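Residue 240 in this note's numbering sits at position 239 of the sequence shown; the count goes up by one each step and never skips.
Ideal placement from N, C-alpha and C gives every residue a C-beta, glycine not left out.
Remember, it's a predicted structure, so these values are computed and weren't measured experimentally.
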Amino acid sequence: MNHSNYQKYLFCLFLFCGLGLTDLAAQTVEKKQLQIEDLTRWNEITQKAMSYDGRWVVYTLDAEDSDPTTIVYDGRTGKEQRFDRADDFRISQDSRHLIFLVHPPEDTVKEMRRRKVKKADLPGDTLGIYHLTEGELEKVADVKNFKLPEKWNGWLAYLTVAEMPVDTAKANSRSAKKGKKEYDQLMIRSLTSDEQYSMAKVKEYELARSGPHLALITTGKDSTLLPGVYEFTPGGSDLQPLYRTKGTYKHLTFDEDGTQLAFLADLDTSDNKVRPYDLFLYGPGKDTAELAVATKSETMEPSWMISEHMRLRFSKDGSKLYFGLAPIPQLPDTTLLEEEIPGVEVWATSDARLYTQQNVQLNRDKRKAYMTVLHTGTGEITSLANPEMPDVELGAEGNAPVAMATSDLQYQKMSSWEGNTYYDVFRVDVNTGAFRKLDVVAMGNPSISPDGKYFYWYSEPDTAWIAIDPVTEKQERLTSNSLGIFYDELNDQPMPPSSYRTAGWLADDKAVIIYDRYDLWRMDPSGQLPAQRLTKGREAGLTYRYIKLDPEARFIPEKEKILLHIFNHHTKGEGYAWFDLSTGSVQVIQEGKYSLTTRPLKAEGAERYIYTREDFRTFPDLLYGERLNSGKQISHANPQQAAYRWGNAELYEWTSLDGESLQGILVKPDGFDPNKKYPLIVNFYERSSDGLYNHRAPQANRSTINYSYYTSRGYVVFNPDIPYRIGYPGESCYNAVMPGITSLLEQGFIDRDRIGVQGHSWGGYQIAYLVTKTNLFRCAESGAPVVNMISAYGGIRWGSGMSRMFQYEHTQSRIGGTLWEQTLRYLENSPIFEIDKIQTPILIMHNDH
């Protein structure tokens, strides 16, 4: 069932049950009601970017039933240029060119597919090259992909489809009549002149990040271009062969400035199923790439091989090349007949992971590789990981002398029961491979600081942040409950609360910035300096969060103002502020009853910003300007909205049956009259009121009602927050939701006889529970609910292969014990055992999720 059909089904259900409007829907009004068909026409902004100089803003509009449109806005003139069916764009580093792909009409492609047209005969993409200042567009047909340099300018590389020249002597032969033969041709062209180059039969190509270098793999055309790996300097030297022989090559990888190139090569001409890749390296002073590591060599363990599944990576300074090793896989015995191969699954209690989990992760396990480093200056090889400590994280962009290795192997069975992850943590010497297991067990996700001087993690059982110096093994507890509350204050699941995460680190790893619910704290990982609360949000009910404007910044800048996002817990409004770490001063840029994006864009080379501001009525169109409080709206994604009736969202408060003050979102239709009676739809999950000012575009959703659609048709929508008591999830829902509805009824504008309820997954479960306890609802829709917690307790989650037991014992389902410890709680919270009490018409949707 597609999304729009599901929404139509829901609406028909509510109409059938008498929730539809009568006099309200029949009123003569100036604006239209939203129709189901409208939901597929609403645009989203799916991609956006700004040029280095801040002059050009480019974004893509896309809707469910239409082709994308890419729009270029000129910040200097205010003019815009639109390109139909275009997306996947890039702006050149010098702000002079926009490169994008134009796709064939989607309807055309669908019709050809219905006619069983072969994939190779479907129309291809067209490359668009738009010269921004001149306003000129070039097009290149049948382009598969393109690459634009990140940090150098003037050149573009793209892969296009070319036809093999026809041998006139054989033009009438049977083979010639079978159809045209095509191959992939790499084009390298200057964006500032007519200079261009072509290379035939290219399988892979790569551009260096910061230097003008390109590498390519070709299967060869003739004696002038043999199979192999080549390097090319656009505008400089000719095509240089680095390694020429027939084989399979992959993973072209440059170092930062393009002076070194690494790749994998399989030169084995046999038909072995296991392919023996070798590692090649090209660098300064070399005419060709040289064999750096061979799978079949004395330096390699006989049962190990270079893995093709781990991508190559240079350290920032180019002194180290990281690659992967893996055990040579055991192949099945091909001499066995099909009936001789046992089709048996053996489930063993000794397994660390359930058999189903092993099945889900089988492909990942087969591709597992263990990080190894080649020291490019000496040629020495050092293993950093192994099956006992399989995962490695590097510091200082691969330059740090110490790496962090982790292993969950000893705790996988425990994780299966609890749903949490535990790790042993190791210090690894990157130069020698020597490792040492640290005297810690980290619950959560241990990480390495940017410069590699500390390992750190949030310990959920201790509700504390921990840092450890991997060299001295000195461990520091950075936070304590006497200092502040650094754990989730609203946690109502039967497990240790999670953290509010970190903002990042200061330069040289001298401090880490940690969040509590409201504020930023500066913590010294060495333990020499006391903790420092940087902001004062708790007293005002404000949450401050750091916004990283430079995506490549490794550290939070200490000597310049940083941008903070503000959330007001009283109003649910948001804002921006500049913050000075040295003085603690907060300079509010803007704040109000709306929602602001937490990911504004800043031009890399200018004071220009793109951000969005939204509320229930206002779509998050792009705002552009020199400051973050005076942006001009430059996108108009959905001008058609002005023709439709809409609604307004407000914060609603009431008291639960447990005596707790609660909040929720109440959405009223346009033209709301408190003296009239309105049908009500109740929709909920857990806590949603913080999203009061989120815009809810009228788009089809696979599982929940669309608020804009229903308010457009005269409904009131209510989304109440639900706090939970461990062991009583169903009753907690009842005690929160029902008094909220009662409070609304007391306001006088809700029709008691036309109240519906809808939810999905966890929301669907709660609705199934509610209809066994009340007959208030005219009808209900419960999507993918668990109505029998006892039968679901040992079920298998399809996505992970894990047993669902941990969900009831420790997480969302909130029973808080095993089936035999809390038998009564499982029975009480399973709606199926009170199904005889249901009098409400209910639609239950069964699906995978």
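Since residue i is in the beta strand (DSSP E), which residue starts that stretch and which ends it?
i      : result
Trp418 : First-last for Trp418: 413-419, but that is the alpha helix (DSSP H), not the beta strand (DSSP E).
Pro670 : 662-670
Asn684 : 679-684
Met390 : That residue, Met390, is in no beta strand (DSSP E); it is neither H nor E in DSSP.
Tyr610 : 610-615
Tyr184 : 183-191
Arg556 : Here the sequence assigns Phe to residue 556, which means Arg is not the residue at that position. Looking at the DSSP string, Phe556 is not in any beta strand (DSSP E), and its letter there is neither H nor E.
Met200 : 197-200
Glu810 : Unbroken run through Glu810 is the alpha helix (DSSP H), 806-810; no beta strand (DSSP E).
Asp85  : 81-85
Asp239 : Careful: Asp239 lies outside any beta strand (DSSP E) and carries neither H nor E.
When you compare each of the options to residue i by their alpha carbons, which one comes out closest?
i      : options                        : result
Lys140 : Thr161, Ala121, Glu151, Ile449 : Thr161
Ser271 : Gly248, Val587, Gln759         : Gly248
Leu521 : Leu530, Gln700, Asp581, Ile72  : Asp581
Glu302 : Lys182, Ile329, Gly284         : Ile329
Tyr595 : His571, Ser586, Glu394, Gln588 : His571
Gly212 : Leu226, Ser199, Glu232         : Glu232
Pro552 : Tyr577, Leu530, Thr584, Gly505 : Gly505
Thr1   : Tyr60, Leu338, Ala216          : Because the chain spans 2 through 850 in this model, residue 1 falls outside it and cannot be assessed.
Glu398 : Gly453, Pro558, Gly542, Trp57  : Gly453
Gly378 : Ser298, Leu282, Lys438         : Leu282
Asp122 : Phe487, Ser96, Trp43, Lys182   : Lys182
Gln641 : Ala698, Thr47, Leu602          : Ala698
Leu623 : Asn630, Leu629, Ile635         : Ile635
Gly818 : Gly626, Ser631, Gln494, Pro601 : Gln494
Pro497 : Met524, Asn421, Gly485         : Asn421
Phe719 : Gly760, Thr254, Gly672         : Gly760
Gln241 : His252, Leu262, Asp256         : Leu262
Pro105 : Asp68, Ile72, Phe456, Glu38    : Asp68
Tyr519 : Asp509, Lys511, Tyr488         : Tyr488
Val738 : Tyr708, Ser709, His566, Ser689 : Ser689
Ser783 : Gly576, Ile843, Ile567         : Ile843
Ser631 : Leu138, Lys32, Gly434, Tyr610  : Tyr610
Using the C-alpha atoms, what's the distance from residue j back to residue i?
i      : j      : result
Val103 : Asp258 : 31 Å
Lys202 : Val230 : 12 Å
Asp24  : Arg714 : Here Asp24 scores only 48 on pLDDT, less than 50, and its place in the model should not be relied on; the value that follows carries that caveat. For Asp24 and Arg714, the distance between alpha carbons rounds to 12 Å.
Leu99  : Gly129 : 8 Å
Arg646 : Asn684 : 21 Å
Arg618 : Gly648 : 7 Å
Ala401 : Met311 : 20 Å
Tyr412 : Arg478 : 23 Å
Thr852 : Glu615 : Here the chain covers residues 2 to 850 and nothing more, so residue 852 does not appear.
Pro124 : Lys774 : 58 Å
Thr336 : Val345 : 19 Å
Ser460 : Tyr516 : 15 Å
Ile590 : Gly380 : 54 Å
Gln28  : Tyr716 : No answer about Gln28 holds up, because its pLDDT of 44 lies below 50 and its placement is not dependable.
Ala578 : Phe620 : 23 Å
Asp659 : Asp722 : 14 Å
Nearest chain C C-beta to residue i closer than 8 Å, yes or no?
i      : result
Thr773 : Considering every chain present, this structure includes no chain C. It has just one protein chain.
Taking the alpha helix (DSSP H) that residue i belongs to, which residues open and close that run?
i      : result
Arg703 : From DSSP, Arg703 is part of no alpha helix (DSSP H); its letter is neither H nor E.
Met739 : 730-748
Asn789 : That residue, Asn789, is in no alpha helix (DSSP H); it is neither H nor E in DSSP.
Glu107 : 107-115
Leu771 : 763-771
Leu543 : Element bounds for Leu543: not the alpha helix (DSSP H) but the beta strand (DSSP E), 543-548.
Lys367 : 363-367
Thr824 : 824-829
Please determine whether the Cβ atom of residue i lies at a distance below 7 Å from any heavy atom of the ligand ATP.
i      : result
Ser804 : Although the ligand ATP was asked about, the structure shown includes no ligands whatsoever.
Would you mind giving the Cβ-Cβ distance between residue i and residue j, rounded to the nearest angstrom? I have them listed as a contact below 8 Å.
i      : j      : result
Asp85  : Thr70  : 6 Å
Ala781 : Val758 : 5 Å
Thr503 : Asn482 : That belief does not hold up - the Cβ atoms of Thr503 and Asn482 are roughly 18 Å apart, past 8 Å.
Leu265 : Ile307 : 7 Å
Lys369 : Ala327 : 6 Å
- Item | Inter-stretch contact at 8 Å, needing at least 3 Cβ pairs: the region 733-746 / the region 795-809 | no
- Query: Would you say the region 343-352 touches the region 283-298, given that touching needs at least three Cβ pairs under 8 Å?
  - Reply: no
- Check whether the region 361-368 touches the region 809-829, taking contact to mean three or more Cβ pairs, one atom from each stretch, closer than 8 Å. Verdict: no, contact absent.
- Item | Given 8 Å, three or more beta-carbon pairs between the region 659-669 and the region 54-64 | no
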